[in-house]
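A short worksheet on the structure shown next.
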Amino acid sequence: MNIFRLSGDVCHLVAIIILFLKIWRSKSCAGISGKSQLLFALVFTTRYLDLFTAFISIYNTVMKVVFLVLAYATVSLIYFRFRKSYDSESDSFRVEFLLVPVAGLSFLENYSFTPLEILWTFSIYLESVAILPQLFMITKTGEAESITTHYLFFLGLYRTLYLANWVWRYHEEGFFDQIAVVSGVVQTIFYCDFFYLYFTRVLRGSGKMTLP
Amino acid sequence: ADEEVAHDEL
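Respectively, the protein sequence lines represent chains A and B.
Note that this note's numbering gives residue 22 to position 22 of the first sequence, counting from 1, and the numbers run on in steps of one.
Note that this note's numbering gives residue 2 to position 2 of the second sequence, counting from 1, and the numbers run on in steps of one.
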């Protein structure tokens, strides 16, 4: 464990909590892509199947449970409790265009052809594109509430810190997980455009982020 | 090879 990975995991947890609390307290999921949250719940489900078969550490187990619980709790807020405020009209990204290539690739490019490993690979590839419906929804509505942009900022920060974690682990331990790194780089690139808008608009105190 | 790969990252 290193400071980059630990702070990355904390940023990831903060992002998920920010989103959950925003929906819970505002009793609305307007502007939130339910599809992205469904994809993230699928990412955690397919990645953490080893929760009961492989014990890494208390921290690892606890974080996996917390991520799973919060992911499904957020999905249930969006699709059940506050479904009247769910803007399915704007949340129109065709997720099948993500799921099919990701599933196909996880069968082609993986470390070992076992069910658990293919599902883990699927979750890694899926995570790199899971935010696209949310980013697409923001471009479609042309705006995002500032709390939503803070959620995206912490998600992007988590991914950026994981890149630093991999540089550190390669330098310190010679560790290099090619599938995770390539997928992680692709995922972080998707946040670059958002980061630009975030730093030039939201942090300038303009509150909402409105797209040009 | 179909060995189990241990993934220690979240």
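Note that beta-carbon positions come from the ideal geometry of N, C-alpha and C, so glycine has one too.
Only a predicted model underlies this, so the values are computations on that prediction, with no experimental measurement involved.
Residue i bridges to which residues according to DSSP?
i: residue 109 of chain A; result: None; residue 109 of chain A has no bridge partner.
i: residue 210 of chain A; result: A/143
For residue i, count the other beta carbons within 10 Å of its own beta carbon; 16 or more makes it buried, fewer makes it exposed. Which is it?
i: residue 123 of chain A; result: buried
i: residue 7 of chain B; result: buried
i: residue 148 of chain A; result: buried
i: residue 201 of chain A; result: buried
i: residue 59 of chain A; result: exposed
i: residue 178 of chain A; result: exposed
i: residue 193 of chain A; result: exposed
i: residue 38 of chain A; result: buried
Thinking C-beta only, is residue j closer than 9 Å to residue i?
i: residue 43 of chain A; j: residue 126 of chain A; result: yes
i: residue 9 of chain B; j: residue 159 of chain A; result: no
i: residue 27 of chain A; j: residue 85 of chain A; result: yes
i: residue 98 of chain A; j: residue 130 of chain A; result: yes
i: residue 195 of chain A; j: residue 156 of chain A; result: yes
i: residue 190 of chain A; j: residue 11 of chain A; result: no
i: residue 106 of chain A; j: residue 186 of chain A; result: no
i: residue 208 of chain A; j: residue 117 of chain A; result: no
i: residue 163 of chain A; j: residue 198 of chain A; result: no
i: residue 112 of chain A; j: residue 4 of chain B; result: yes
i: residue 13 of chain A; j: residue 66 of chain A; result: yes
i: residue 41 of chain A; j: residue 72 of chain A; result: yes
i: residue 150 of chain A; j: residue 56 of chain A; result: no
Using a Cβ-Cβ cutoff of less than 7 Å, which residues in the same chain neighbour residue i once the five nearest sequence positions on both sides are dropped?
i: residue 48 of chain A; result: 64 and 68
i: residue 35 of chain A; result: 91, 93, 95 and 133
Spatial neighbours of residue i within its chain, please: C-beta separation below 6 Å, excluding the five flanking residues on both sides.
i: residue 7 of chain A; result: 161
i: residue 16 of chain A; result: 70
i: residue 46 of chain A; result: 119, 122 and 123
i: residue 137 of chain A; result: 33, 90 and 91
i: residue 1 of chain B; result: Because the pLDDT of residue 1 of chain B is 46, which lies under 50, any placement of that residue in the model is unreliable, and the number read from its coordinates should be weighed accordingly. So no residue of the chain qualifies.
i: residue 140 of chain A; result: 90
Apart from the five residues just before and just after residue i, which ones in its own chain have a Cβ nearer than 8 Å to its Cβ?
i: residue 23 of chain A; result: 29, 32, 74, 77, 78 and 82
i: residue 2 of chain A; result: 165, 168, 169 and 172
| field | Whole runs of the alpha helix (DSSP H) within the stretch 85-131 of chain A, excluding any shorter than 4 residues | value | Those alpha helix (DSSP H) runs which fall completely within the stretch 85-131 of chain A and span 4+ residues are 96-108 and 115-129.
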